[in-house]
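Protein sequences appear in the order of chains A and X.
Letter by letter, the first sequence follows residues 4 to 204 of the numbering used here.
Letter by letter, the second sequence follows residues 4 to 204 of the numbering used here.
Every residue gets a Cβ at the ideal spot worked out from N, C-alpha and C, and that includes glycine.
2 protein chains.
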Amino acid sequence: MKIAVLVSGRGSNLQALIKNLHGFDVEIVGVVSDNEDAPALKHARTADIPTASFAEASYDGREARDLAIADWLDENQAELVVLAGYMALLSDSFVARFRDRIINVHPSLLPAFPGTRAVEMAVAAGVKVFGVTVHLVDEGIDTGPILLQRAVELDGYSDPTEIHQILQKIEHELLPEGVRLMADGAVSRDPANPQRLIIER
Amino acid sequence: MKIAVLVSGRGSNLQALIKNLHGFDVEIVGVVSDNEDAPALKHARTADIPTASFAEASYDGREARDLAIADWLDENQAELVVLAGYMALLSDSFVARFRDRIINVHPSLLPAFPGTRAVEMAVAAGVKVFGVTVHLVDEGIDTGPILLQRAVELDGYSDPTEIHQILQKIEHELLPEGVRLMADGAVSRDPANPQRLIIER
Chain A
4 MKIAVLVSGR GSNLQALIKN LHGFDVEIVG VVSDNEDAPA LKHARTADIP TASFAEASYD
64 GREARDLAIA DWLDENQAEL VVLAGYMALL SDSFVARFRD RIINVHPSLL PAFPGTRAVE
124 MAVAAGVKVF GVTVHLVDEG IDTGPILLQR AVELDGYSDP TEIHQILQKI EHELLPEGVR
184 LMADGAVSRD PANPQRLIIE R
Chain X
4 MKIAVLVSGR GSNLQALIKN LHGFDVEIVG VVSDNEDAPA LKHARTADIP TASFAEASYD
64 GREARDLAIA DWLDENQAEL VVLAGYMALL SDSFVARFRD RIINVHPSLL PAFPGTRAVE
124 MAVAAGVKVF GVTVHLVDEG IDTGPILLQR AVELDGYSDP TEIHQILQKI EHELLPEGVR
184 LMADGAVSRD PANPQRLIIE R
């Protein structure tokens, strides 16, 4: 399966995808950023993966920028779009064009703590169990059907930075696993409840 | 520590408390039900624990009933009130009278899925990780500070009854553990965030 990865920052999840999947289970045909200075783009170029950046300021709004990204992804024949620390919100028309072909990784056990600052919100709520979710992307904020989740008991932790570091290690395993399941055609919607995904391993 | 247990139904959590704690770490000085037919009351009597039932219909409303329960608990010198499948909502004045001395067990990873039908809601949301929470009771519905949480990955499960059975086994470990921590004086509020509990083991 040909996949593209959307990034905004460091790209540690991109590196995990390159290391665990690229050239084996999937081919990463492109890495896209909303930020031309994203360090992740350098990692992609080092791995000889085509890159492109699309700053919103260069377009007539987000909708136009997302259209340009979508065209670039189609030109590069991406079948699956993987958000790996992509911080911009995707427009509805982008989501519709890649319906059920966009996946994201999120540092909470969704539906708890959607949006940015998920870990900070979990700390504020005083939870003892944190976690990571890989999910399909729909028009809402982190509301798409859940593909994989992993929990970690962190009683006694209250520093979001420290918790983030622990969760990122889980992200680096869970996101490649989610991509692999999508590439294997192992994911379908429960006919009785389209919000629930059935995984056939 | 002297504890009382409030029950409405079968009382499998009460049995776990009797088996794991009664006569060792704590003394169960009374079992109270809002329902005189609760099978849990029989288990208590078999273990020679005083029981009482307080049907709301016998009182001038829930507030009056809860006052009678509170008086009975004080007469029996209960220092901690443990909700073990107690289905009635406690009035605010009851909660205030036993401030930070009421604990509850709930079949979800709070703050996700509060209230009744937590497991059904989690299944509808398509989660892959379920869990159990032991928490202090405040005036809200399952909104009190979290004492203990345990998660369980149940990918592929969609039958609430089956999931409930798995979670109940966890409840039977986690609730006694929570009671023991309270009895040991191991629980305090984080001064920086009163919603977060600090556990000193």
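Contact under 8 Å by Cβ, residue i with residue j
i: G14 of chain A; j: A87 of chain A; result: yes
i: V135 of chain A; j: V98 of chain A; result: no
i: V10 of chain A; j: A41 of chain A; result: yes
i: V85 of chain X; j: L76 of chain X; result: no
i: H25 of chain A; j: P110 of chain A; result: no
i: L113 of chain X; j: D74 of chain X; result: no
i: A7 of chain A; j: N79 of chain A; result: yes
i: R65 of chain A; j: S94 of chain A; result: yes
i: S161 of chain A; j: D193 of chain X; result: yes
i: L150 of chain A; j: I106 of chain A; result: yes
i: E212 of chain A; j: R68 of chain A; result: Here chain A covers residues 4 to 204 and nothing more, so residue 212 of chain A does not appear.
Selected residue, minimal CA-CA separation from residue i, among the options
i: L178 of chain X; options: X:R68, X:S94, X:F116 and X:L139; result: X:L139
i: E156 of chain X; options: X:D141, X:V29, X:G143 and X:I173; result: X:I173
i: I21 of chain A; options: A:H46, A:G12, A:D37 and A:S36; result: A:H46
i: F116 of chain A; options: A:D103, A:I105, A:V130 and A:R104; result: A:V130
i: E39 of chain A; options: A:F27, A:A55 and A:R48; result: A:A55
i: E123 of chain X; options: X:G143, X:L92 and X:E165; result: X:E165
i: G143 of chain X; options: X:D158, X:L184 and X:Q198; result: X:Q198
i: A43 of chain A; options: A:L151, A:D158 and A:A19; result: A:A19
i: G118 of chain A; options: A:F27, A:R100 and A:L92; result: A:L92
i: F101 of chain A; options: A:D141, A:V137 and A:R120; result: A:D141
i: Q152 of chain X; options: X:V137, X:D158 and X:G159; result: X:V137
Supposed contact pair residue j and residue i - C-beta distance, whole angstroms, cut 8 Å
i: A125 of chain X; j: F133 of chain X; result: 6 Å
i: A189 of chain X; j: E203 of chain X; result: 5 Å
i: A186 of chain X; j: V29 of chain X; result: 5 Å
i: P163 of chain X; j: L200 of chain X; result: Their Cβ separation, rounded to whole angstroms, is 29 Å, which puts P163 of chain X and L200 of chain X out of contact at 8 Å.
Beta strand (DSSP E) segment containing residue i, residue limits
i: G134 of chain A; result: V132 to L139
i: T146 of chain X; result: T146 of chain X -> no beta strand (DSSP E), and no H or E assigned at all.
i: D193 of chain X; result: V190 to D193
i: V182 of chain A; result: Here V182 of chain A belongs to no beta strand (DSSP E); instead the alpha helix (DSSP H) covers P163 to A186.
i: S36 of chain A; result: E30 to S36
i: Q18 of chain A; result: First-last for Q18 of chain A: S15 to N23, but that is the alpha helix (DSSP H), not the beta strand (DSSP E).
i: A7 of chain A; result: K5 to V10
i: A55 of chain X; result: T54 to S56
i: R199 of chain A; result: N196 to I202
i: L86 of chain A; result: L83 to L86
i: N107 of chain X; result: I105 to H109
Other residues of its chain near residue i: CB distance less than 7 Å, five sequence neighbours each side excluded
i: Q171 of chain A; result: S15
i: D158 of chain A; result: K131
Own chain, CB closer than 8 Å to residue i, minus 5 neighbours either side, in chain order
i: A71 of chain A; result: F57 and Y62
i: V32 of chain A; result: K5, I6, A7, I52, P53, N79, Q80 and A81
Residue range of the unbroken alpha helix (DSSP H) whose run includes residue i
i: A100 of chain X; result: The question names Ala, yet the displayed sequence has Arg at residue 100 of chain X. Run containing R100 of chain X: D95 to R100, per the alpha helix (DSSP H) assignment.
i: A41 of chain X; result: Neither: A41 of chain X is in no alpha helix (DSSP H) and is coded neither H nor E.
i: E59 of chain A; result: From DSSP, E59 of chain A is part of no alpha helix (DSSP H); its letter is neither H nor E.
i: M124 of chain X; result: A121 to A127
i: D77 of chain A; result: R65 to E78
Residues near residue i by beta carbon distance below 6 Å, same chain, minus five either side
i: M90 of chain A; result: S11
i: R183 of chain X; result: D28
i: N23 of chain A; result: P179
i: A121 of chain X; result: P110 and S111
i: S96 of chain A; result: none
i: S1 of chain X; result: The question about residue 1 of chain X has no answer here: the residues shown for chain X are numbered 4 through 204.
i: I169 of chain A; result: none
Contacts that residue i makes with chain D (C-beta to C-beta distance below 7 Å)
i: D158 of chain X; result: The question asks about chain D, but that chain is absent: this structure's protein chains are A and X.
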